[in-house]
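Undergrad:
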Amino acid sequence: MEPKIQEKVWDPKIESEIRKKWEDSKLYEFHPDTDGYTIDTPPPYPSGRPWHIGAAAHYAQIDMIARTARMNGKNVYFPIGIDRNGLPVELYTEKNTASECERPREGSFWIYVKMHLMILKLR
């Protein structure tokens with residue numbers, strides 16, 4: 001006799017009940033007296049269109065780890081990187097959109113300018 005797998009039925013009402021329990025217990029609020037948990041990840045690097053499913057799965061896994069740590073009472077610091085020097089995104093944008101502000105590319109000069117502006121913003 002083969003074991004039967006129980007059929008799963010999803011009731012949307014369950015989700016709202018669970019969310020209410022989480023909100024009532026203040027599960028996602030910062031509590032300074034608890035242990036910290038930091039997840040440091042590299043910025044996403046969308047090198048193609050559409051974004052590769054493996055990259056999306058990678059970040060979904062990291063997100064699950066962060067959520068699990070939060071649910072176990074840890075203060076989770078999970079910054080998401082949003083820039084990778086901007087060059088691939090800039091090239092994609094220039095290639096696929098009309099720009100009123102055309103400028104000549106002069107090699108490393110523009111990289112220097114961008115880096116200098118970033119340093120000034122960080123000060």
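All residue numbers for the sequence shown refer to the UniProt record's numbering, where the first residue is 1 and numbers rise by one. Backbone N, C-alpha and C fix where the C-beta goes; we use that ideal spot for every residue, glycine too.
Sorted by chain position, which residues of the same chain lie with C-beta nearer than 7 angstroms to Gly73's C-beta, five sequence neighbours on each side aside?
TA: So the qualifying residues of the chain are Thr34.
Undergrad: Would you mind listing the alpha helix (DSSP H) stretches within the segment 18 to 75 that are 4+ residues and don't spill past its ends, in chain order?
TA: Whole alpha helix (DSSP H) segments, 4+ residues: 53 to 71.
Undergrad: Nearest-angstrom Cα distance between His31 and Ile18?
TA: Their backbone Cα atoms lie some 21 angstroms apart in a straight line.
Undergrad: Quick check on this structure: which residue in Ile5, Thr68 and Pro3 has the alpha carbon closest to the alpha carbon of Tyr37?
TA: Comparing Cα positions, the closest option is Thr68.
Undergrad: Counting only the same chain and skipping the five closest in sequence on each side, list residues whose C-beta sits under 8 angstroms from that of Glu100.
TA: Its pLDDT being 46, under 50, Glu100 is placed unreliably by the model, and nothing is read from it.
Undergrad: On the premise that Ile39 lies in contact with Ala66, defined as a C-beta separation below 8 angstroms, what is that separation, rounded to the nearest angstrom?
TA: Contact flag correct, Cβ pair sits at about 5 angstroms.
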